Amino acid sequence: AQGEGLSRNQLLENFRTTDRAVLLGTRSFWEGVDVPGEALSCLAIAKLPFNVPNDPIFAARAETFEDPFNEYAVPEAVLRFLQGFGRLIRTRSDRGVVAVFDSRLVGKAYGRVFLQSLPDPTVVRGPVTKLPRTAAKWLDRKGAGSKGARSRGHEGTAD
7 AQGEGLSRNQ LLENFRTTDR AVLLGTRSFW EGVDVPGEAL SCLAIAKLPF
57 NVPNDPIFAA RAETFEDPFN EYAVPEAVLR FLQGFGRLIR TRSDRGVVAV
107 FDSRLVGKAY GRVFLQSLPD PTVVRGPVTK LPRTAAKWLD RKGAGSKGAR
157 SRGHEGTAD
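Take 7 as the starting number for the sequence shown in the numbering used here and just add one per residue.
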């Protein structure tokens with residue numbers, strides 16, 4: 007864990023060099039992380055990456071908009087969301103599964119903005135208990151028929 011003396015870079019290096027590793031990252035891992043190839047095949051997003059509304063800088067910028075949520079907060083969160091997806095697909099041969107556990111993605115009108123920002127996503131909604139099997143099948147299917155092709159499909163679950 008980062009708080010136990012390992013830096014962000016050390017955590018990333020351990021993740022890159024360890025088979026079947028799991029890395030739980032916070033906001034600092036949304037940007038500047040490069041793990042190409044099979045080392046990163048699944049990205050789990052617990053919450054849509056909205057800024058904290060009472061952050062002084064965010065609040066000051068939000069005041070300049072007539073509709074701060076839709077004109078500023080949502081676009082900022084969508085940009086960060088795309089950056090998260092970019093952690094998974096870094097090269098033409100990368101492929102992977104993104105599981106989003108925030109029900110707002112499918113339960114709120116602005117959730118469509120997040121989904122529409124993705125290039126050709128494959129969206130699957132279902133219980134989290136089916137996620138491992140569904141993800142493995144999707145990765146196997148995409149890997150078998152896409153030699154060298156960039157996969158743009160993404161899995162998502164909100165239940």
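Heads up, the beta-carbon is just placed ideally off N, CA and C, and yes, glycines get one too. It should be emphasised that the depicted structure is a prediction, and the values quoted were computed from it without experimental measurement.
Going along the chain, which residues of its own chain have a beta-carbon closer than 7 Å to the beta-carbon of arginine 96, five neighbours each way excluded? Answer for arginine 96: Asp40, Pro42, listed in chain order.
CB alanine 79 to CB asparagine 60, shorter than 8 Å? No, these two residues do not count as a Cβ contact at 8 Å.
Per DSSP, which one or two residues make a beta bridge with valine 130? In the DSSP output, where bridge partners are listed per residue, valine 130 has none listed.
Whole-angstrom distance between leucine 29 and threonine 23, CA atom to CA atom: Cα to Cα, threonine 23 sits roughly 12 Å from leucine 29.
Which word fits alanine 65, buried or exposed, when buried means at least 16 other C-beta atoms lie within 10 angstroms of its C-beta? Classification of alanine 65: exposed, given that the 10 Å Cβ count is below 16.
Close-in-space but distant-in-sequence residues of the same chain around glutamate 82 (CB under 7 Å, 5 per side omitted): Once the five neighbours on either side are set aside, the close Cβ partners of glutamate 82 are Asn57.
May I ask you to report which of helix, strand or coil DSSP gives alanine 115? In the three-state DSSP reduction, alanine 115 falls in the coil class, being neither helix nor strand.
Along the alpha helix (DSSP H) that carries histidine 85, what are the first and last residues, could you check? According to the sequence as given, residue 85 is leucine; it is not histidine. Leucine 85 -> alpha helix (DSSP H) spans 80-94.
Please work out which residues of its chain come closer than 8 Å, Cβ to Cβ, to arginine 26, disregarding the five sequence neighbours upstream and downstream, and give them in chain order. Correct list: empty, nothing qualifies.
Complete beta strand (DSSP E) runs within the region 24-68 (minimum length 3 residues, chain order): Residue ranges of uninterrupted beta strand (DSSP E) with 3 or more members, entirely inside the region 24-68 and ordered along the chain, are 48-51.
Is it buried or exposed for leucine 85, if we count other Cβ within 10 angstroms and need 16 for buried? Counting other Cβ atoms within 10 Å of its Cβ, leucine 85 stays below 16 and is therefore classed as exposed.
Exposed unless 16 or more other CB atoms sit within 10 angstroms - verdict on arginine 101: Its Cβ being crowded by 16 or more others within 10 Å, arginine 101 is buried.
How about phenylalanine 87 and serine 123: do their beta carbons lie closer than 8 Å? Cβ distance < 8 Å, so phenylalanine 87 and serine 123 count as in contact.
Buried/exposed call for alanine 142, threshold 16 Cβ in 10 Å: Classification of alanine 142: exposed, given that the 10 Å Cβ count is below 16.
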